[in-house]
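Undergrad:
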Amino acid sequence: MAEQESSKSLHSNQNREQSSKLENISDVGGKNKTKIYCQRCPSLVLSPRQATLVQKEFFLPNMYQKNECTPIEGVTLVDFWHVSDMLTFDNVGFSKTVDNIKYLMCADCEVGPIGWHSVHDKKSYYVAVDRVKHG
212 MAEQESSKSL HSNQNREQSS KLENISDVGG KNKTKIYCQR CPSLVLSPRQ
262 ATLVQKEFFL PNMYQKNECT PIEGVTLVDF WHVSDMLTFD NVGFSKTVDN
312 IKYLMCADCE VGPIGWHSVH DKKSYYVAVD RVKHG
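Numbering (the numbering used here), first residue to last: 212 to 346.
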């Protein structure tokens, strides 16, 4: 019983920390407050107030894979910046289509995936909050 309470408390603290982090990077309307950059290089991905914070569960492959890693290793993320027009991006590249998904990457250093786009939805591009720098 004490273990369950400890687990609930830990989960509650993680939720509060994540909520605080999201408040620091998004305004009242859910738009990005600051510029969004590549984690690896100084490349600008999105200018301020160009994306809306959304919660959508999606599995993204790890940014760094071991060679010949099968199955592909990755993580399910929830917090994303949503952009409805690909021309909104300052600097982003797209992978080849894999299972109807194009992965987003930094156009300068090609690190990624930093997000994703379904070829079936021409108005939705998602950048993972945890795969970019804010500032």
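In this text, a Cβ means the ideal position worked out from N, Cα and C, and glycines have one as well.
What would DSSP say about residue 316, mapped onto helix, strand or coil?
TA: Within the sequence shown, the letter at position 105 stands for residue 316. Note: residue 316 maps to strand in three-state DSSP.
Undergrad: Beta strand (DSSP E) containing residue 269: first to last residue?
TA: On the sequence shown, position 58 is the one that residue 269 refers to. Its beta strand (DSSP E) spans residues 263-272.
Undergrad: For the beta strand (DSSP E) that residue 287 lies in, which residues bound it at each end?
TA: Here the question's residue 287 lines up with position 76 in the sequence shown. Unbroken beta strand (DSSP E) run through residue 287: 285-294.
Undergrad: Among the residues of its own chain, which have a CB less than 8 Å from the CB of residue 304, if the five just before and after it don't count?
TA: Taking the sequence shown and counting its residues from 1, one reaches residue 304 at position 93. Within the same chain, residue 304 has close Cβ partners 315, 316, 317, 318, 321, 323.
Undergrad: In angstroms, rounded to a whole number, what distance separates the CA positions of residue 307 and residue 238?
TA: Residue numbering aside, residue 307 sits at position 96 when the sequence shown is read from its first letter. Residue numbering aside, residue 238 sits at position 27 when the sequence shown is read from its first letter. Roughly 33 Å separates the two Cα atoms.
Undergrad: Which one or two residues does DSSP pair with residue 305 in a beta bridge?
TA: Here residue 305 refers to the residue found at position 94 when the sequence shown is read from its first residue. Per DSSP, 315.
Undergrad: Counting only the same chain and skipping the five closest in sequence on each side, list residues whose C-beta sits under 8 Å from that of residue 346.
TA: Numbered from 1 along the sequence shown, position 135 holds the residue referred to as residue 346. These residues qualify, in order along the chain: 245, 246, 248.
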